[in-house]
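Residue numbers (this note's numbering), protein chains in the order written: chain R, 1 to 291; chain X, 1001 to 1395.
Backbone N, C-alpha and C define an ideal beta-carbon position, used for all residues, glycine too.
Have a look at the structure below before the remarks.
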């Protein structure tokens, strides 16, 4: 009951020996994620925490351990290269947590990615979790419980907020995908919605967006025509001043495009229940979904 | 990061994009020399601020126009004197306006026709796009709404780069022919090279002009850069003008805090950008007005929280503070200890509502309750927003 990752996912962590990589790899291992390898060029042959073999390249890691998904904690200047290395090694799912990758690098990555069969999540994202099975990311594992609601969001802590609201109301999640706050990302809202729609175990969807771009509008149009599952949404940034970058590189209203008002109107037009405030996201879903 | 027109034009010059000859002055002693480097006759005097609408702007002392075309050097000198150090208000600056620290004198061009030319990122296709229009000197958003047929768009493969035939498409779309066509193609090619090599997020020429002599040149120049790429462009990073930024925002960036000043009276401190925006929204929903956007990040330390309180409280408009933390990896008791430590070292004389959720939330709330500080605890985001709005309204 999930999309993209599950208990059979074999994870390689790129940048496992760095500060963030080490900290979060331990958290993921503790959660039960099947991390089979780490990669840090030049540190091949080491063993991470007495259990995870470290390799010099993703290709080696895949050949030796059968890894089929990569989690990336590589600094921004080198992250685009790491994503392409994971694509080259045939990783089916690539989750890039790194914040601060130059847009130009991601524009190039995106073109090459479209010619491959890899799915990229992020960058600048909390990652993906299928509760009870596989956590590939930096989200706190314990707030999630297995269940039937799919969650997709551009934000980290705002996603935790929505997930927590579901969990305390007794509703678990099939998979939660933090797609990231950058202007160019791999998996978009519409991609995630398509996955949830096709997943027989996902019964309802929560879509969390924010100002900037038109990805939420595109997802709304798709939902209107193709999705019969109940959907609730929230859009952050009603009060954001135009022309300012609100923390996320992609959260900016330019020339009247990307406003919260336009997104909310498109979502409502598609028959989606839109939460008025961030504290009623789960409640709003429960007005259209009885579980 | 944005830069001034004169800085963008210096980059244009490096890339072979023609602009009218110009010279800046940053104090009155430089005026004479600046003007004397230019030929006699009509001259343009331009206030250098990071905002559009300068021409129609008004200075706070009533002086009209942040950009002026004047018939003589004497008049140009006088106008420059009125602009320098004065505060210019345009539709993009907000009512407070921006102080003019640099005046740019340029030779005047005789305009036969005006055009618009820009390169920016198209998020939907994840590609750079060239936007060109035969309507120059007006806002492109207006042209897009009223006469979209006048706009030519050419999408660029980020790996291939701009192909010459695409530059010709742009020049043809603008209706150029002969010598002007060849000049325009060269300008479009150079502009993309500049955009690509400097990791620009936007380069805009409005207007690009055809002169009465039949030459194509950039009369104005606007550039913005990808902050994430500045690490590989020290020469661009050096162009940052701190006078254009809010001092509180500069201070925040020194402590890796993401702060944006707003007009309201309820400050907020939140972990995560999306939740920070949502917190501003919910303050507004309950009838309050957010004083700022502030993201302290996923792993904020006590030192950062202390700095964040200092920055928030340096804003005289602030009448209340809402702290909203979803403790994930970072535990709530650690965050509570940070808030208590910070609150003790910074004198907080306005109502403070704290909402904690997540790991060790009970321990965190207990610490706050036992701290002896006047902190109102809230159970949910809605509850927190309602409480701070009530407290501020009552005080």
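Mind listing the chain R neighbours of residue 963 of chain X? Cutoff is C-beta to C-beta under 9 angstroms, in chain order. Outside the shown range of chain X, which is 1001 to 1395, sits residue 963 of chain X, and nothing can be said about it.
If you measure between the beta carbons of residue 83 of chain R and residue 137 of chain R, is that distance less than 9 angstroms? no
Opposing strand residues paired with residue 1355 of chain X [DSSP bridges]: X:1324, X:1378
Which whole runs of the beta strand (DSSP E) in the stretch 1226-1280 of chain X are 3 residues long or more, in chain order? 1258-1261, 1266-1270
Could you give the first and the last residue of the continuous beta strand (DSSP E) run that contains residue 1217 of chain X? 1216-1218
Chain X within 9 angstroms of residue 136 of chain R, Cβ atoms only: no
DSSP three-state label for residue 42 of chain R, please. coil
Report whether the distance from the Cβ of residue 50 of chain R to the nearest heavy atom of the ligand MG is below 8 angstroms. Looking for the ligand MG in the displayed structure turns up nothing, as the structure carries no ligands at all.
Short of 7 angstroms Cβ to Cβ, which residues in the stretch 1225-1256 of chain X face chain R? 1226, 1228, 1229, 1231
Can you look up residue 1332 of chain X in the DSSP assignment and give me helix, strand or coil? helix
Beta carbons nearer than 8 angstroms to chain R: which residues of the stretch 1271-1284 of chain X have them? 1271, 1272, 1273, 1274, 1275, 1276, 1277, 1278, 1279, 1280, 1281, 1282, 1283, 1284
Would you identify the three-state DSSP class for residue 8 of chain R, choosing helix, strand or coil? coil
Use the C-beta contact count for residue 1338 of chain X: other C-beta atoms within 10 angstroms, 16 or more gives buried, fewer gives exposed. buried
How big is the Cα-Cα spacing for residue 1149 of chain X and residue 270 of chain R? 29 angstroms
Classify residue 1318 of chain X as helix, strand or coil using the three-state DSSP reduction. coil
Which bits of chain R does residue 1159 of chain X rub up against, with CB to CB less than 9 angstroms? 107, 108, 111, 112
Taking residue 232 of chain R and residue 285 of chain R to be in contact with their CB atoms under 8 angstroms, please state how far apart those CB atoms are, rounded to whole angstroms. 4 angstroms
I'd like to know if the stretch 1155-1163 of chain X and the stretch 1223-1240 of chain X are in contact, where contact means that at least 3 CB-CB pairs between them fall below 8 angstroms. no
With a cut-off of 9 angstroms, does the C-beta of residue 218 of chain R fall near any C-beta of chain X? yes
Ignoring anything shorter than 3 residues or poking outside the stretch 93-154 of chain R, list the beta strand (DSSP E) runs there in chain order. 93-96, 119-121, 127-130, 134-137, 146-153
Measuring only between beta-carbons, confirm whether residue 247 of chain R sits less than 9 angstroms from chain X. yes
Tell me, please, which residues DSSP counts as bridged to residue 1099 of chain X. X:1087
Could you pull the DSSP bridge partners for residue 14 of chain R from this structure? R:39, R:72
Using a Cβ cut-off of 8 angstroms, pull out every chain R residue sitting near residue 1380 of chain X, in sequence order please. 279
Evaluate the contact criterion for the stretch 1280-1292 of chain X versus the stretch 1339-1347 of chain X: three or more CB pairs, one atom per stretch, below 8 angstroms. no
Is residue 1315 of chain X closer than 9 angstroms to residue 978 of chain X when the C-beta atoms are compared? Given that chain X is displayed from residue 1001 to residue 1395, the structure contains no residue 978 of chain X and the question cannot be resolved.
Pick from X:1266, X:1272, X:1374: whose alpha carbon is nearest that of residue 1392 of chain X? X:1266
Residues from the stretch 152-176 of chain R in contact with chain X, defined by Cβ distance under 8 angstroms: 153, 154, 155, 156, 157, 158, 159, 160, 161, 164
Residue 1386 of chain X and residue 164 of chain R: beta carbons closer than 9 angstroms? no
Could you run through the stretch 30-53 of chain R and flag, in chain order, every residue whose CB is less than 9 angstroms away from some CB of chain X? none
Please return the same chain residues whose Cβ sits closer than 6 angstroms to the Cβ of residue 1147 of chain X, not counting the five positions on each side in sequence. none
For residue 1300 of chain X, the three-state DSSP class (helix, strand or coil): coil
Within this structure, are the beta carbons of residue 1326 of chain X and residue 160 of chain R separated by less than 9 angstroms? yes
Partners in chain X for residue 101 of chain R, counting only beta-carbon separations shorter than 7 angstroms: 1228
Is there a Cβ from chain R that is less than 9 angstroms from the Cβ of residue 1260 of chain X? yes
Cβ-Cβ separation, residue 1295 of chain X to residue 1271 of chain X (assumed contact under 8 angstroms), whole Å: 7 angstroms
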